[in-house]
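Colleague:
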Amino acid sequence: MNVAELMYRNARKHPDKEAIVFKNLRLNYREIDALSNRVANAIIDLGIRKGDRIAMMMRNSEKFVAVYFGILKAGAVVVPINISLVKSEVQFIVNNCEARMFIYDEVFAPVLAGIEAELPGVENFVVVGADSIPDKQNYHDLIAQASDQMPAVEIDENDMCSIIYTSGTTGTPRGAVFNHRGILYTVCNSGALGHRMTYYTRNLAMMPLFHSAPLHLYFLGSIYMGGSNVILEAFDPRLFLQTIQDEKTTHFFGPAVVYLTCAKLLDVSQYDLSSMEMFVLGGSPIAEEDINLILDKFGIRGKNKLQQVYGFTESGPTGLALFPEEIEIKTRGIGRAGVVGSETIIVDPEGNKVKPGEVGEIAVRGGGIMVEYFKDPEKTRGTIVNGWVRSGDLATYDEDGYIYFVDRAKDMIISGGQNIYSKEVEDVLMSHPAVMMTAVIGVPHPDWGESVKAVVSLKPGHSVTSEELSEYCVDKLAKYKRPRFIQIVDDIPHNPAGKILKTEVRKLYGQA
Numbered sequence: 012m013n014v015a016e017l018m019y020r021n022a023r024k025h026p027d028k029e030a031i032v033f034k035n036l037r038l039n040y041r042e043i044d045a046l047s048n049r050v051a052n053a054i055i056d057l058g059i060r061k062g063d064r065i066a067m068m069m070r071n072s073e074k075f076v077a078v079y080f081g082i083l084k085a086g087a088v089v090v091p092i093n094i095s096l097v098k099s100e101v102q103f104i105v106n107n108c109e110a111r112m113f114i115y116d117e118v119f120a121p122v123l124a125g126i127e128a129e130l131p132g133v134e135n136f137v138v139v140g141a142d143s144i145p146d147k148q149n150y151h152d153l154i155a156q157a158s159d160q161m162p163a164v165e166i167d168e169n170d171m172c173s174i175i176y177t178s179g180t181t182g183t184p185r186g187a188v189f190n191h192r193g194i195l196y197t198v199c200n201s202g203a204l205g206h207r208m209t210y211y212t213r214n215l216a217m218m219p220l221f222h223s224a225p226l227h228l229y230f231l232g233s234i235y236m237g238g239s240n241v242i243l244e245a246f247d248p249r250l251f252l253q254t255i256q257d258e259k260t261t262h263f264f265g266p267a268v269v270y271l272t273c274a275k276l277l278d279v280s281q282y283d284l285s286s287m288e289m290f291v292l293g294g295s296p297i298a299e300e301d302i303n304l305i306l307d308k309f310g311i312r313g314k315n316k317l318q319q320v321y322g323f324t325e326s327g328p329t330g331l332a333l334f335p336e337e338i339e340i341k342t343r344g345i346g347r348a349g350v351v352g353s354e355t356i357i358v359d360p361e362g363n364k365v366k367p368g369e370v371g372e373i374a375v376r377g378g379g380i381m382v383e384y385f386k387d388p389e390k391t392r393g394t395i396v397n398g399w400v401r402s403g404d405l406a407t408y409d410e411d412g413y414i415y416f417v418d419r420a421k422d423m424i425i426s427g428g429q430n431i432y433s434k435e436v437e438d439v440l441m442s443h444p445a446v447m448m449t450a451v452i453g454v455p456h457p458d459w460g461e462s463v464k465a466v467v468s469l470k471p472g473h474s475v476t477s478e479e480l481s482e483y484c485v486d487k488l489a490k491y492k493r494p495r496f497i498q499i500v501d502d503i504p505h506n507p508a509g510k511i512l513k514t515e516v517r518k519l520y521g522q523a
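Given below as structure tokens:
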């Protein structure tokens, strides 16, 4: 079986079942299957062959779904690109994966302007949404002329399915290669089974589908079960809550910033969220007090409806889950080893499992981990060791096996020989009622090597000074851990999934 067959199978088993809801558009499985067939045949007619890479830079929509499945049905390899990237980053990814075709929403034409000549391998640019652009193929014209029958392309489960580039929060993106078997393993186990999905699941697909978690675990997980996906193009707190109420969605995955924005800025109790079976937290660790705030503001304390997950691009993403029955007991944890479809351990630099209470690196093993980094065997060998994929995340675990996130290994600050975990400092600052978001980094110090700097953004309508925040930390952090510098800014660089881009933070604010 391959990923493309998920759509084809549903179109045969229950063609009239609602598959996709986007704005005022509702498509059943027969319709979205036919649309993706048209995309597949259109790109085959343009010369795409099995194994060719196709880059796509598209917002969430029914067209994203059609293009994604169309690429796979053609036997090609899909390379979804983060829509927030700048020209140089897009250029790097497209050239690195050796894409022969680039499909993009018209709104991203300015990103491509000026770099097309630097993409020598791309033979066809396909624009979605434009009536006509010189030297570009038009998506609507192509599919209008193409057959809606399933193309006759033999796809093996071990064939390359997609290359998903890491978010680059700590450096240059790397292309994680997945085959069809690996993605299906994740979709079935960590996605559908791990999130208790059924034929009646209505997943709210609001997080960008170019990210592996919303795509593999939730979007494809619901399709695997024959469920429905209600798609939103972007996050608007009122629209998000109203959509849950109107569409009676059952599942949603998103980062802490989505939940906290709603909890802090809106009266969530005014919306009927009773249809929801599972709210899922992921993308980055969250402070214990923020989990309690979400439980209370969303009215789900004691109802077993909130689950926290941990994974990373290279792991599928799969790894850990703090299930609804556990989250109110082990609120600080990120899960326990042994979730469906994977194993997770904490290891020292030599790969030995550490003892409870000791800090080590999270490593994951399972059928859904990446095959390799695209054409980078050296980095692959450094990341996949004896079948375990290393995360670069530091953690510890207790006697019950529950794992607690400590920090990104690359984000750890060493000041005067002392290890300082940025997340510990961030958690303290985030507990201040005026703070919306914070990023803690190390900045150069002539004597200590590094000193602690906090970059902070505030909630609308709130005010606080750097001095007041410094005073707030006095009885909450050891002296050597306290920020020596606090800079208040309007916004902190983060990706569409809400993950802070520490690389950009360091570029902008990396001096004392």
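The numbers in the working numbering rise by one with no breaks, and the one at position 11 of the sequence shown is 22. All C-beta atoms, glycine included, are put in the ideal place defined by N, C-alpha and C. On a predicted model such as this, the values are computed, not experimentally measured, just so you know.
#1: Using CA atoms only, rank isn't needed, just tell me which of Pro266, Ala465, Pro131 is closest to Val291.
#2: Are there 16 or more other CB atoms within 10 angstroms of the CB of Glu42, so buried, or fewer, so exposed?
#3: Which ranges does the alpha helix (DSSP H) cover as unbroken runs of at least 4 residues, wholly within the region 201-270, from first to last along the chain?
#4: Quick one: Cα of Asn107 to Cα of Arg60, how far?
#5: Starting from the Cα of Arg419, find the closest Cα among Glu435, Asp409, Ser426 and give me that residue.
#6: Do three or more CB pairs link the region 107-118 to the region 140-152 at distances below 8 Å?
#7: Assign Gln522 to one of three DSSP states: helix, strand, or coil.
#8: Kindly list the residues whose CB is nearer than 6 Å to the CB of Asn200, restricted to its own chain and excluding five residues on each side of it in sequence; keep chain order.
#9: Apart from the five residues on each side of it in sequence, which residues of its chain come closer than 6 Å, Cβ to Cβ, to Gly81?
#10: When the distance is taken between beta carbons, is Glu372 closer than 7 Å to Val382?
#11: Report the rounded CA-to-CA distance for Asp387 versus His473, giving the unit in angstroms.
#12: Could you check if Gln429 is buried or exposed, using at least 16 other CB atoms within 10 Å of its CB as the buried criterion?
#13: What are the uninterrupted segments assigned as beta strand (DSSP E) that are 3 or more residues long and contained completely in the region 393-462, given in chain order?
#14: When DSSP labels each residue in this structure, what does Asn39 get in the three-state scheme?
#15: Who are Pro148's beta bridge partners in DSSP?
#16: Compare the Cα-Cα distances from Met68 to each of Ile92, Val451, Ile356, Ile175 and report the closest residue.
#17: Whole-angstrom Cβ separation of Gly378 and Gly193, contact assumed at under 8 Å?
#18: With Asn303 as the anchor, note down where its alpha helix (DSSP H) starts and where it stops.
#19: If we ignore side chains and look at the alpha-carbon of each, how far apart do Asp283 and Lys259 end up?
#20: Identify whether Thr197 lies in helix, strand or coil by the three-state DSSP scheme.
#21: Let's test the definition: count the other Cβ atoms within 10 Å of the Cβ of Pro507 and tell me whether it reaches 16, buried, or not, exposed.
#22: Return the chain-ordered list of same chain residues with a C-beta closer than 7 Å to the C-beta of Val102, the five sequence neighbours on each side being excluded.
#23: Is Val90 near Ile174, with beta carbons less than 7 Å apart?
#24: Suppose you measure from the CA of Ile31 to the CA of Phe136; what does that come to, to the nearest Å?
#25: First and last residue of the beta strand (DSSP E) that includes Ser173?
#26: Could you name the residues of the same chain whose beta carbon sits closer than 7 Å to that of Arg70, not counting the 5 residues immediately before and after it, in chain order?
#27: Does Gln318 come out as helix, strand or coil in the three-state DSSP assignment?
#28: Pick from Asp409, Glu410, Lys390: whose alpha carbon is nearest that of Ser402?
#29: Rounding to the nearest angstrom, what Cα-Cα distance links Glu505 and Leu512 in this structure?
#30: So within the region 40-113, which uninterrupted beta strand (DSSP E) runs reach at least 3 residues, ignoring any that extend past its ends?
#31: Please work out which residues of its chain come closer than 7 Å, Cβ to Cβ, to Asp409, disregarding the five sequence neighbours upstream and downstream, and give them in chain order.
#32: Nearest CA to the CA of Ser223: which residue from Glu299, Tyr79, Gly237, Leu306?
#33: Leu333 and Gly322 - do their beta-carbons sit closer together than 7 Å?
#34: For the beta strand (DSSP E) holding Leu331, just list the boundary residues, first then last.
#35: Taking the Cβ atom as the reference point for each residue, do Ser326 and Val396 lie within a distance shorter than 7 Å?
#36: From which residue to which residue does the alpha helix (DSSP H) around Asn21 run?
Modeller: Reading from the atomic positions:
#1: Pro266
#2: buried
#3: List check, alpha helix (DSSP H) in window: 231-235, 248-258.
#4: Their Cα atoms are separated by approximately 19 Å.
#5: Glu435
#6: yes
#7: Coil at Gln522, not helix or strand.
#8: Val351, Gly352
#9: Ser47, Val50, Ala51
#10: No.
#11: 47 Å
#12: exposed
#13: 399-408, 413-419, 424-426, 429-431, 446-456
#14: strand
#15: Rather than Pro, the amino acid found at residue 148 in this sequence is Gln. Note: Gln148 sits in a beta bridge opposite Val137.
#16: Ile92
#17: 6 Å
#18: 299-308
#19: 9 Å
#20: helix
#21: buried
#22: Strictly speaking, residue 102 in this sequence is Gln, with Val absent from that position. Only Ile126, Glu129, Leu130 meet the Cβ criterion.
#23: yes
#24: Counting only the Cα atoms, Phe136 lies some 26 Å from Ile31.
#25: Unbroken beta strand (DSSP E) run through Ser173: 171-176.
#26: Cβ neighbours of Arg70 beyond the five flanking positions: Ile94, Asp116, Glu244.
#27: strand
#28: Lys390
#29: Sequence check: residue 505 is His here, not Glu. Cα to Cα, His505 sits roughly 5 Å from Leu512.
#30: As far as the region 40-113 is concerned, its whole beta strand (DSSP E) runs of at least 3 residues are 64-68, 88-91.
#31: Pro367
#32: Tyr79
#33: Not a contact, by the Cβ cut-off of 7 Å.
#34: 331-333
#35: no
#36: 15-24
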